[in-house]
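I have placed the structure first, in the form of structure tokens, so that the comments after it can refer back to it.
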Amino acid sequence: MATPTITAFGWELHNSSAGHDKFYRILLVEQMVLFNWGARDARGQFQANKVSTVDAAKQSAAQQTNAKHAKGYLVTRDATPFTVPAELVRDLTCLPMGKTNGPSPKVCDELVRLFKAAAVQLGTAMPEASR
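Just so we're aligned, residue 1 is where the sequence shown starts under the working numbering, counting upward by one.
This is the structure we're talking about:
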């Protein structure tokens with residue numbers, strides 16, 4: 001029997017201007033937006049923002065993307081759909097509403113791994129993407 005999955009979306013931006021070398025990743029999983037940022041090739045920090053609807057999550061993700069573009073960040077992994085096992089989605093959706101430091105490091109790392117693998121497979125990762 002196949003493991004149930006949910007389709008999520010993610011993208012990544014990078015700032016290499018004025019001596020910077022940092023990424024900003026946005027992962028959208030149902031009504032949860034997971035933000036991940038840090039120096040290139042580092043694990044970075046995570047913050048989750050659980051909102052009331054999927055549309056509100058999309059709006060939050062779009063606002064943050066626009067704010068990063070305004071600061072000179074450029075896309076290094078384009079919008080990428082990826083599948084997430086339902087048990088990981090449950091770990092996300094059980095978090096309280098609002099901003100939090102996020103789910104467990106294990107969940108965060110697995111979501112990033114799934115997103116990066118899908119970006120490679122679908123060809124949405126550019127050479128400047130974080131490793």
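Glycine residues also receive a C-beta, built at the ideal position from the N, C-alpha and C atoms.
Would you mind sorting residue i into buried or exposed? The rule is 16 or more other CB atoms within 10 Å of its CB.
i      : result
Met32  : buried
Ala119 : buried
Val84  : buried
Ser130 : buried
Val54  : exposed
Thr124 : buried
Asn36  : buried
Lys68  : buried
Asp91  : buried
Glu87  : exposed
Thr103 : A quick correction: the sequence has Pro, not Thr, at residue 103. Label assigned to Pro103: buried.
Can you tell me where the beta strand (DSSP E) holding residue i begins and where it ends?
i      : result
Asp78  : Leu74 to Pro85
Ala8   : Thr5 to Asn15
Asn101 : Asn101 -> no beta strand (DSSP E), and no H or E assigned at all.
Ala39  : Met32 to Ala39
Ala125 : It is not in any beta strand (DSSP E) - Ala125 carries neither H nor E in the DSSP assignment.
Ala48  : Gln45 to Lys50
Could you check how far apart the C-beta atoms of residue i and residue j are, in whole angstroms? I think they sit under 8 Å.
i     : j      : result
Ala42 : Leu28  : 22 Å between Cβ atoms; not a contact.
Leu34 : Cys108 : 7 Å
According to the Cβ coordinates, are residue i and residue j closer than 9 Å?
i     : j     : result
Ile26 : Ala56 : no
His20 : Leu74 : no
Lys58 : Arg40 : no
Taking residue i as part of the alpha helix (DSSP H), name the residues at either end of that continuous run.
i     : result
Val29 : It is not in any alpha helix (DSSP H) - Val29 instead sits in the beta strand (DSSP E) that spans Lys22 to Val29.
Lys58 : Val54 to Ala70
Would you call the region 75–83 in contact with the region 43–55, where contact means no fewer than 3 C-beta pairs closer than 8 Å? The count of Cβ pairs closer than 8 Å, one atom from the region 75–83 and one from the region 43–55, stays below three, leaving the stretches out of contact.
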